[in-house]
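In terms of the numbering used here, the sequence shown opens at residue 23 and continues consecutively. Note that beta-carbon positions come from the ideal geometry of N, C-alpha and C, so glycine has one too. Here's the structure we're looking at; comments come further down.
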Amino acid sequence: LTVLAVPFLTPALRRHALPYVPATREQLDNIFNLLKQYSTKQRQHLIDLGSGDGRIVFEAIQQGFPRATGIEINRVLVYYARLKAYLSNQGNICKFKRANLWKHDLSKYDTIVLFGVDTMMEPLLKKLSKEISDESIVITCRYQFPIKFDRTLGEDIDAVWLYNSQTIRKQILKT
23 LTVLAVPFLT
33 PALRRHALPY
43 VPATREQLDN
53 IFNLLKQYST
63 KQRQHLIDLG
73 SGDGRIVFEA
83 IQQGFPRATG
93 IEINRVLVYY
103 ARLKAYLSNQ
113 GNICKFKRAN
123 LWKHDLSKYD
133 TIVLFGVDTM
143 MEPLLKKLSK
153 EISDESIVIT
163 CRYQFPIKFD
173 RTLGEDIDAV
183 WLYNSQTIRK
193 QILKT
């Protein structure tokens, strides 16, 4: 039991403590409704930073993404998501990697989703401004970046914010 608990308790020891809290159905709906409202072209590759049990990645596939990737530092959650992908015959289009989001290259994804915490939003914004492609959009959940967003949907804990790459780069240049 202790071995299974360690991956869930160690986030508290990291610089930016990001606990596992599963996305609600309303949060998932808000993410993908916002994407539909904003983007007329078919997005190709979504990444969920801190993917937990993989529910955003699986929803992305159901919503028509050709590929979706989740990165997560918690080994137990990565194995769980991989098993779920395998059992649902989605292992060829859903990928789950055990990775640190601060070290993972984000340049090949056109849609980036994350549930952040307040203390990580500004440093992550700087990382994104250097790595994302010109076609990328970023959706944040629960916490927004300290810049102007392009669109928002939902309220309180279910709110999501969308930023395109131009907005992110323009705002970073101002700071």
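Check residue 78 in the structure and name its three-state DSSP category.
For the purposes of this step, residue 78 is taken as residue 56 along the sequence shown, with counting starting at 1. Looking at residue 78 - three-state DSSP - the assignment turns out to be helix.
What three-state label does DSSP hand residue 156 in the structure shown?
Counted from its first residue, the sequence shown places residue 156 at position 134. In the structure shown, residue 156 sits in coil (DSSP, three-state: anything other than H, G, I, E or B).
Let me confirm a value: residue 94 is counted as buried when at least 16 other C-beta atoms fall within 10 Å, else exposed. Which label applies?
What you label residue 94 is simply residue 72 of the sequence shown in a count that begins at 1. Residue 94 should be labelled buried.
Runs of alpha helix (DSSP H) wholly within the segment 40 to 68 (minimum 4 residues, chain order)
47 to 60
Is residue 108 helix, strand or coil when you go by DSSP?
Numbered from its first residue, the sequence shown carries residue 108 at position 86. Looking at residue 108 - three-state DSSP - the assignment turns out to be helix.
Hey, residue 172 and residue 49: beta-carbon distance below 7 Å or not?
As a working note, residue 172 is residue 150 in the sequence shown. As a working note, residue 49 is residue 27 in the sequence shown. No. Outside cutoff.
Less than 7 Å separating the beta-carbons of residue 205 and residue 133?
Only positions 23 to 197 of the chain appear in the structure, and residue 205 is not among them; the question remains open.
Give the DSSP-derived three-state secondary structure of residue 146 in the structure shown.
The sequence position of residue 146 within the sequence shown is 124, counting from 1. Looking at residue 146 - three-state DSSP - the assignment turns out to be helix.
C-alpha gap between residue 193 and residue 169, whole angstroms:
Within the sequence shown, numbered from 1, the residue matching residue 193 stands at position 171. Within the sequence shown, numbered from 1, the residue matching residue 169 stands at position 147. The alpha-carbon atoms of residue 193 and residue 169 are separated by roughly 6 Å.
Which same chain residues, not among the five before or five after residue 127, have their C-beta less than 8 Å away from its C-beta?
To locate residue 127, count along the sequence shown from 1; it is residue 105. Once the five neighbours on either side are set aside, the close Cβ partners of residue 127 are 153.
Would you call residue 148 buried or exposed, if buried means 16 or more other Cβ atoms sit within 10 Å of its Cβ?
In the sequence shown, counting from the first residue as 1, residue 148 sits at position 126. Exposed, by the Cβ-count rule.
For residue 113, which residues of its own chain have a beta-carbon under 8 Å away from its beta-carbon, when the five flanking residues on both sides are left out?
Position 91 of the sequence shown, counted from the first residue, corresponds to residue 113. So the qualifying residues of the chain are 104 and 107.
Determine the direct distance from the alpha carbon of residue 41 to that of residue 98, and round the result to whole angstroms.
Taking the sequence shown and counting its residues from 1, the one referred to as residue 98 is at position 76. Taking the sequence shown and counting its residues from 1, the one referred to as residue 41 is at position 19. C-alpha separation (whole angstroms): 13 Å.
C-beta contact flag for residue 118 and residue 92 at 7 Å:
Residue 118 sits at position 96 when you count from the first residue of the sequence shown. Residue 92 sits at position 70 when you count from the first residue of the sequence shown. Taking 7 Å as the Cβ cut-off, residue 118 and residue 92 qualify as a contacting pair.
Closer than 6 Å: residue 60 CB and nearest the ligand GDP heavy atom
Annotation note on the ligand GDP: not contained in the displayed structure, which lists no ligands.
According to the Cβ coordinates, are residue 139 and residue 70 closer than 7 Å?
Counting from 1 along the sequence shown, the entry for residue 139 is found at position 117. Counting from 1 along the sequence shown, the entry for residue 70 is found at position 48. Cβ atoms of residue 139 and residue 70: not closer than 7 Å.
For residue 73, count neighbouring C-beta atoms within 10 Å of its own C-beta (all shown protein chains included) and say buried if the count is 16 or more, exposed if not.
Working through the sequence shown from its first residue, we reach residue 73 at position 51. Classification for residue 73: buried.
Neighbourhood of residue 89 by C-beta distance below 6 Å, restricted to the same chain and skipping five residues each side:
By one-based count along the sequence shown, residue 89 stands at place 67. If we look at residue 89 and ignore the five residues flanking it on each side, its Cβ neighbours are 67 and 115.
When the Cα atoms are used, what is the spatial distance from residue 184 to residue 82?
Working through the sequence shown from its first residue, we reach residue 184 at position 162. Working through the sequence shown from its first residue, we reach residue 82 at position 60. Those two C-alpha atoms are separated by around 16 Å.
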